[in-house]
């Protein structure tokens, strides 16, 4: 298991602080989002909550495994707006389905991990853009008021305002997000992390250049600060950034380099809340290279959440769902080599031998989102999978922002320069043993001043 000691250490006399790995490493626990299309149409009649007690996968046991055996400390829990509503009436919640989602939330919280509410609607409701001809900003704020009121006292609940907006006016969308942030804070969730999603499917390739970052960074808490408001970042490694193809054609290091430089320049932080790859040979090196880069730049990237487990079968192209072997969960090689090893400073976890082929006996096809980076107007549904059940388918400165994150999330951003960060400055080491090495480095650095 990875060490839970990951506190930042400011090194004397150096212009940048770099942590050995991101503070948060997580997994998406998917299922309720199945059938959601990029149009924001999310039929849920045959969708099953990923809990054994509710007919889905045993995600409670999966999350326990990920925490106890792998050291993960964050889970993303996708849900559609429609699933929580009573009929088609916006504003009226269905108490049974709200309870179902809360059951999943409580199964997450009991592990001690951070639990992310992911509204998986692509900035739309039934093919109409929120705040731009669809539900109003007030409707969106009311939704988040209800949700935030319920979890206001849960310090480890994270609010991801929306999964992968696309094809919208980013200025107007920033106004919509501002309304939601204000609503969440006024509902009593005053310190929890809120993730701000940009257009073009939240892509790391475009957030810094399409106006998303600039517009979203104007959003503030009611007191005028930007504490715990982080940029939401997604990226896949296949040729169209959809996450639907087995072959990885890039390691995304170029994209994340641009993103890291942008965040440093703006003095802000980001969290990669969705990224994934297949177990194809082309991905085993590229996905690992991407995640190693993210971990090496944890001064601006505070976390990474991999896609996905939950109701996904082990045969799904991007599956990170562990297999059961004699009553014990076993991670596949993709999880061990490309997700856990980079976070654990290159050491592969020993949580079991060989990765197994799919052992799921109940499978069906699921269609979720497509995130093509080439033509966002011609996207078809992607992430086609075999599911395990019958399913159709900163404040004033960045240093203050980092310090204000729950348990000092990420590392405090010193007044870094791009050159200093690229040169690798000095790593802030995440475990107790590595901290000792860091102290020696600190002493050596001080001696040179």
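In mature numbering (1 follows the signal peptide of the UniProt record, and there is no 0), the protein residues as written are -20 to -1, 1 to 429.
Note that beta-carbon positions come from the ideal geometry of N, C-alpha and C, so glycine has one too.
Taking all protein chains shown into account, decide if residue i is buried (16 or more other Cβ within 10 angstroms of its Cβ) or exposed.
| i | result |
| --- | --- |
| residue 28 | buried |
| residue 32 | exposed |
| residue 261 | exposed |
| residue 62 | buried |
| residue 265 | exposed |
| residue 358 | Any answer about residue 358 is weak, because its pLDDT of 31 lies below 50 and its placement is not dependable; what the coordinates show is given next. Exposed, by the Cβ-count rule. |
| residue 255 | buried |
| residue 90 | exposed |
| residue 235 | buried |
| residue 133 | exposed |
| residue 144 | buried |
| residue 218 | buried |
| residue 151 | exposed |
| residue 306 | exposed |
| residue 60 | buried |
| residue 299 | buried |
| residue 204 | exposed |
| residue 135 | exposed |
| residue 67 | exposed |
If you check the beta carbons only, do residue i and residue j fall under 8 Å apart?
| i | j | result |
| --- | --- | --- |
| residue 129 | residue 167 | yes |
| residue 112 | residue 148 | yes |
| residue 290 | residue 11 | yes |
| residue 157 | residue 176 | yes |
| residue 317 | residue 268 | yes |
| residue 161 | residue 99 | no |
| residue 297 | residue 240 | no |
| residue 431 | residue 5 | The requested residue 431 does not occur in the structure, where the chain is confined to residues -20 to 429. |
| residue 180 | residue 190 | yes |
| residue 278 | residue 221 | no |
| residue 9 | residue 43 | yes |
| residue 185 | residue 159 | no |
| residue 7 | residue 238 | no |
| residue 117 | residue 20 | no |
| residue 57 | residue 22 | no |
| residue 275 | residue 2 | yes |
Whose C-alpha, out of the options, is nearest the C-alpha of residue i?
| i | options | result |
| --- | --- | --- |
| residue 97 | 103, 107, 202, 84 | 84 |
| residue 293 | 39, 185, 101 | 39 |
| residue 54 | 308, 256, 251, 311 | 251 |
| residue 102 | 93, 114, 94, 92 | 114 |
| residue 308 | 170, 26, 45, 125 | 45 |
| residue 26 | 205, 204, 282, 14 | 14 |
| residue 34 | 68, 76, 48 | 76 |
| residue 321 | 272, 146, 92, 300 | 272 |
| residue 69 | 86, 127, 119 | 119 |
| residue 302 | 284, 37, 283 | 37 |
| residue 243 | 282, 253, 263 | 282 |
| residue 253 | 92, 215, 79 | 215 |
| residue 172 | 127, 30, 58, 146 | 127 |
| residue 137 | 247, 22, 169 | 169 |
| residue 311 | 49, 263, 16, 146 | 49 |
| residue 72 | 94, 47, 124, 56 | 124 |
| residue 30 | 67, 86, 92, 165 | 86 |
| residue 92 | 199, 104, 257, 47 | 47 |
| residue 131 | 105, 94, 104, 319 | 94 |
| residue 304 | 41, 229, 263 | 41 |
| residue 248 | 74, 16, 257, 199 | 199 |
| residue 146 | 245, 104, 24 | 104 |
| residue 229 | 245, 263, 319 | 263 |
Would you please state the rounded distance, in angstroms, between the beta carbons of residue i and residue j? I believe it to be under 8 Å.
| i | j | result |
| --- | --- | --- |
| residue 194 | residue 201 | Their Cβ separation, rounded to whole angstroms, is 19 Å, which puts residue 194 and residue 201 out of contact at 8 Å. |
| residue 139 | residue 174 | 5 Å |
| residue 314 | residue 259 | 5 Å |
| residue 270 | residue 212 | Not a contact, Cβ separation roughly 17 Å. |
| residue 81 | residue 64 | 7 Å |
Any C-beta of chain B sitting closer than 8 Å to the C-beta of residue i?
| i | result |
| --- | --- |
| residue 137 | Among the protein chains of the structure shown there is no chain B, as only one such chain exists. |
Does the ligand NAP have a heavy atom nearer than 7 Å to the CB of residue i?
| i | result |
| --- | --- |
| residue 150 | Summarising the ligand content, the structure contains no ligands, and the ligand NAP is consequently not present. |
Item to check | alpha helix (DSSP H) segments (min. 4 residues) lying fully within the segment 157 to 231 | outcome: If we require 4 residues or more, the alpha helix (DSSP H) runs fully inside the segment 157 to 231 come out as 192 to 196.
Item to check | Unbroken stretches of the beta strand (DSSP E), 3 residues or longer, contained in the segment 38 to 95 | outcome: With a minimum length of 3 residues, the continuous beta strand (DSSP E) runs that stay inside the segment 38 to 95 are 54 to 59.
Next on the checklist: Give the list of continuous beta strand (DSSP E) stretches no shorter than 3 residues that lie fully inside the segment 130 to 160.
Outcome noted: The qualifying runs are 137 to 140.
Checklist entry - What are the start and end residues of each continuous beta strand (DSSP E) run of 3 or more residues lying completely inside the segment 237 to 306, in chain order? => result Runs of the beta strand (DSSP E) inside the segment 237 to 306: 250 to 256, 281 to 290, 303 to 305.
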